[in-house]
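Peer 1: After the C-alpha cells below, expect a handful of questions from me.
In our numbering, the protein residues as written are 671 to 831.
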C-alpha cells in the first residue's frame, strides 16, 4: 500500500516556487529533492496542508496566501538602530542579513538603509506579503526514524547530532 503524507512521516519532494509574476523564487531543480518531517513546522503551514494525504508520484499545484506562507508584513518589525550597535562595522551595508533573537523567535533581519549613524533594519521575512505558487512532485514518503522524531527534523547523511 502506498504510504501517504501525514504527521510524523518524512516527505521527499521536488518543488518550484514562483510569485504572482511567475518569477522563480526557489527550486530544487537540478538538486537533490527536499525532505521534511510533516507536522513539525519544517515548511510553511499552507504548503504542509496542501501536501497532507499525498503520496509518491502525486503532483500538487498550490497557491498559498501570505497568511499561510511567510506572513503579513508588520511595520513594527522595521526599526532604526544606531550603527554603534553593530560589532562588525564593515558588515553594515545595505542588503546584508543577520539573525536577531527576539523573545518569540529568531528572525532574519535585512539592512535596508543607512543614514549617517542610523541603520534601518527590516525583520520581516523577505517573502512577507507574497502569494506563493508551488509546483510540487512528491517523490517519496517514509516513516520518520525515532531520532528524527526526537529532534523534530529529518537527518541527512551530513547531520551531526
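No residue lacks a Cβ here, since even glycine has one placed at the ideal position from N, Cα and C.
#1: Curious, which full-length beta strand (DSSP E) runs of at least 3 residues does the segment 733-773 contain?
#2: At the level of alpha carbons, what is the spacing between residue 763 and residue 797?
#3: What's the C-alpha gap between residue 815 and residue 747?
#4: Going by CA-CA distance only, name the one from 671, 678, 673, 725 that's closest to residue 823.
#5: Quick check on the DSSP output: the beta strand (DSSP E) that includes residue 805 runs from which residue to which?
#6: Let's test the definition: count the other Cβ atoms within 10 Å of the Cβ of residue 820 and tell me whether it reaches 16, buried, or not, exposed.
Peer 2: Result, derived from the coordinates:
#1: 748-752, 767-771
#2: In the chain shown, residue 763 corresponds to position 93, counting from 1. In the chain shown, residue 797 corresponds to position 127, counting from 1. Roughly 21 angstroms between the two C-alpha positions.
#3: Here residue 815 corresponds to residue number 145 of the chain shown, with the count starting at 1. Here residue 747 corresponds to residue number 77 of the chain shown, with the count starting at 1. Cα to Cα, residue 815 sits roughly 38 angstroms from residue 747.
#4: Counting from 1 along the chain shown, the entry for residue 823 is found at position 153. Per the Cα distances, 678.
#5: Residue 805 sits at position 135 when you count from the first residue of the chain shown. Element bounds for residue 805: 802-813.
#6: For the purposes of this step, residue 820 is identified with residue 150 of the chain shown, where counting begins at 1. Exposed, because fewer than 16 other Cβ atoms sit within 10 Å of the Cβ of residue 820.
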